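Contents: one structure, followed by commentary.
Protein chains in written order, with the working numbering: chain G, 973 to 1428; chain R, 973 to 1428.
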């Protein structure tokens, strides 16, 4: 593996330059105006894979943005690794909180600062460069397939269908993904669980037009006040979600497993300090790590209604809106949960308003067993680079497509993440440490070596 | 009075043209960008008063926009009427709901459609034209003073101070204002009570930056969820406001007066149909007319926070904001109420958030006795034009400066409103019936005649 290490070192600057080219494309999948940027980013990935040494790479249309697929088959009998990543990124607002232009990658304090620096341009690109490294140093021991999509931040619309239609082409032994984080640069970890997701947009309509709050206020229900009440009523004083049936399918985690999880380092004071809150919140009876790892949430992601401009306008508004999401845990069916909320919200709406609930994207939770060959290979790879066995952790995040891959392709995914909590993904000033980027590339080359050996 | 009626008829089109010139100036006081328009509108008013026959008219600077003051003194012994109006208007958003450009007055279906058509350019202008009519037909029996300000929609900042500094100049027997409405074109009414107003902007901060709702959700309080709960908790199930001390100073209206008020026509089905709600809301133990006339409110005028753009972005936001107003009733002190809410909101905020409360503008409630000479003169004036005695009504709206006038100048105001409920003031598609505009001018000329006679 010395060859690979040397190659990475010699090509450091070029690797970064190439990553920056990808980052500069503002490929925000949730904003229709960026449609052209999606194609540019896909094209960039295709060229990257081809130049790295793939036998072929091409675009596949889906119902949403195209998937970039590429492959290199070294030996039909060798194990096949299917690399998954995404070229789309989150929106950048609130833009005023960015210290640098979000699509002009900047190196400062040993980190790359930009939207997508980590999620998932930085992390995804490590696979392209690890692949290039192994091809160029003639150390590639597995077949490699790349599947890089453009809709992950939107819940991967169209990808499940595309996978189902291309099952043969996507045949592999394992899916490898870098789109998660590790505990700290000194404490590597592998994400073995992901939460699922349900997402809704609700609209509450009171009167059919904005009214004068003096002439009508007091006699006509205010849709913002009503929405506030409805949101409040969805969670009780103990932090339990009150939607009937919400917890019915939850696979409760055993006390034994909870004890094991509790061994992962967690400094509550440092955690609070980092986000500047005096107290943490959370469902009664669980620890903060459990709140994010194994319990459901009910979070309003956005709310708007009435007058939000400068100054003091009095108005009794016609409408109020909210975007609401729930993180789900293993065995909860996101489609069922989406319908449960919709039915409940419609049912509890008082007669003085009308409500509409739109179910947006969602996804199932996921669990990766820690005794499969790919997990073992990943453990060894981290150990080689970080000199420490990685800790298996349950993450609170969601990558809805991961459980879909299991359903459709019958493949488990190993989530070799190199992000850090401080990377501020989805937030202003997203960043990714250079050290993690280069260590990640090296760790991935080790994975291939160990995986090929274990699979022999 | 036939002369006056004839003059109004002959000059109808010119009166409208001149009003339209005023309406075309987008004098939105709450938006700093419109500062120049405020001066234009003030200039327009000054010219209007001068041309109508005033002895003088000029600008007076205040801490906010200038006041236009003009006067015509026909006889130091004659009674003096101080006309109050405002040249500023409300913002126009949501702009997409307007069927015509808000600052391009359009006549359709017998109405003027535009921002300010009623509130208060249309209604204010009636006084300029009634004054012109009386001067030109040599029937003006009183001294007249005009005080037209540019900040009413912002709570008249600077006007109280200006009044205090100009008490001598503003000496009068009564203040006359057209900035309210009447029950229907066939049922004239005079507003004898106005609610007060308190207005706040609140900010709830959770974590110091937007967080990934998967990685942190469940362990970190979401400021939107918290704001929703805090808003909800301010009003109980019976519609009573829960802020300690909120009702302490409320002057309860006697059962006898409530019975009299109940005689005013109110068609609940028509009311609900007009605003398309299935049920009305309201504080337990009171009727809809009482909810708007004699009871306090707690209405969220605007709310915003988190992701409000296109698509489904998952985020645990750092901040949530709301603009909140309370309509107040006689004897509640708006300054005291503003502080009560601020202290309570800060006190009940859970430790996992930080809150800020900004007190914006407010005003005291007001009551006009129905046995003073000016009220009697107003009654006769309506009767002359509308052939029916006007009903005294308590309005739910607020004109905070009216109670301030009483405090500082020691003058009562008579609120001769000609607006209709369907005028959609403060809302998209504001309008004002032509018939009300011209009848209003005529009614005002009758007021002067009767007032001079009663005051002899």
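From the three backbone atoms N, C-alpha and C, an ideal C-beta is built for every residue, glycine too. None of these values were measured; they are calculated from a predicted model.
Could you tell me the boundaries of the alpha helix (DSSP H) in which residue i lies?
| i | result |
| --- | --- |
| residue 1260 (chain R) | 1260-1265 |
| residue 1372 (chain G) | 1372-1381 |
| residue 1271 (chain G) | Note, residue 1271 (chain G): premise wrong, no alpha helix (DSSP H); beta strand (DSSP E) at 1271-1278. |
| residue 977 (chain G) | 974-982 |
| residue 1412 (chain G) | 1406-1427 |
| residue 1131 (chain R) | 1131-1137 |
| residue 1348 (chain G) | 1345-1358 |
Over the uninterrupted beta strand (DSSP E) stretch that includes residue i, give me the two end residues.
| i | result |
| --- | --- |
| residue 1195 (chain R) | Segment 1195-1205 is the alpha helix (DSSP H) holding residue 1195 (chain R); no beta strand (DSSP E) there. |
| residue 1256 (chain G) | Premise fails: residue 1256 (chain G) is in no beta strand (DSSP E) and is neither H nor E. |
| residue 1121 (chain G) | 1115-1121 |
| residue 1099 (chain G) | That residue, residue 1099 (chain G), is in no beta strand (DSSP E); its alpha helix (DSSP H) goes 1093-1108. |
| residue 1174 (chain R) | 1168-1177 |
| residue 1029 (chain R) | 1028-1032 |
| residue 1364 (chain R) | 1363-1366 |
| residue 1330 (chain R) | 1326-1331 |
| residue 1072 (chain G) | Per DSSP, residue 1072 (chain G) belongs to no beta strand (DSSP E) and is neither H nor E. |
| residue 1146 (chain G) | 1146-1149 |
| residue 1084 (chain R) | 1083-1085 |
| residue 1387 (chain G) | 1385-1387 |
Note down the Cα distance separating residue i from residue j, rounded to an integer number of angstroms.
| i | j | result |
| --- | --- | --- |
| residue 1136 (chain G) | residue 1142 (chain G) | 9 Å |
| residue 1274 (chain G) | residue 1385 (chain R) | 45 Å |
| residue 1175 (chain R) | residue 1284 (chain G) | 15 Å |
| residue 1110 (chain R) | residue 1421 (chain R) | 12 Å |
| residue 1118 (chain G) | residue 1185 (chain R) | 28 Å |
| residue 1332 (chain R) | residue 1309 (chain R) | 12 Å |
| residue 1070 (chain G) | residue 1427 (chain G) | 46 Å |
| residue 1177 (chain G) | residue 1079 (chain R) | 30 Å |
| residue 1205 (chain R) | residue 1325 (chain G) | 19 Å |
| residue 1124 (chain G) | residue 1058 (chain G) | 6 Å |
| residue 1173 (chain R) | residue 1286 (chain G) | 12 Å |
| residue 1149 (chain R) | residue 1388 (chain R) | 6 Å |
| residue 1198 (chain R) | residue 1169 (chain G) | 21 Å |
| residue 1297 (chain G) | residue 1269 (chain G) | 8 Å |
| residue 1356 (chain R) | residue 984 (chain R) | 20 Å |
| residue 1293 (chain G) | residue 1195 (chain G) | 9 Å |
| residue 1425 (chain G) | residue 1352 (chain G) | 11 Å |
| residue 1233 (chain R) | residue 1342 (chain R) | 14 Å |
| residue 1459 (chain R) | residue 1090 (chain R) | Any answer about residue 1459 (chain R) is impossible in this case: the structure gives chain R only from 973 up to 1428. |
| residue 1267 (chain R) | residue 1300 (chain R) | 7 Å |
| residue 1208 (chain G) | residue 1201 (chain R) | 10 Å |
| residue 992 (chain G) | residue 1165 (chain G) | 31 Å |
Exposed or buried, what is residue i when buried is set at 16 or more other beta-carbons lying within 10 Å of its beta-carbon?
| i | result |
| --- | --- |
| residue 1053 (chain R) | buried |
| residue 1024 (chain R) | buried |
| residue 1227 (chain G) | exposed |
| residue 1223 (chain R) | exposed |
| residue 1037 (chain G) | buried |
| residue 1349 (chain G) | buried |
| residue 1115 (chain R) | buried |
| residue 973 (chain G) | exposed |
| residue 1240 (chain G) | exposed |
| residue 1394 (chain G) | exposed |
Entirely within the segment 1286-1317 of chain R and at least 3 residues each: give me those beta strand (DSSP E) ranges in chain order.
-> 1291-1300
Kindly confirm or deny that the segment 1336-1344 of chain G and the segment 1373-1384 of chain G touch, where touching means at least three C-beta pairs closer than 8 Å.
-> yes
Every unbroken alpha helix (DSSP H) within the segment 1217-1242 of chain R, with a cutoff of 4 residues, ordered by chain = 1227-1233
Quick one: which unbroken beta strand (DSSP E) runs of 3-plus residues sit fully inside the segment 1023-1069 of chain G? Chain order, please.
-> 1028-1032, 1039-1044 and 1052-1058
Give a yes or no on contact between the segment 1303-1323 of chain G and the segment 1217-1224 of chain G, applying the rule of three or more CB pairs nearer than 8 Å.
-> yes
Touch check for the segment 1145-1156 of chain R and the segment 1351-1369 of chain R: three-plus C-beta pairs under 8 Å?
-> yes
Take every Cβ of the segment 1098-1117 of chain R, pair it with every Cβ of the segment 1014-1029 of chain R, and state whether three or more of those distances are shorter than 8 Å.
-> yes
Count the C-beta pairs between the segment 1128-1135 of chain G and the segment 1246-1256 of chain R that are closer than 8 Å, then say yes if the count reaches three, no if not.
-> no
Inter-stretch contact (C-beta, 8 Å, three-pair minimum) for the segment 1000-1019 of chain G and the segment 1395-1404 of chain G = no
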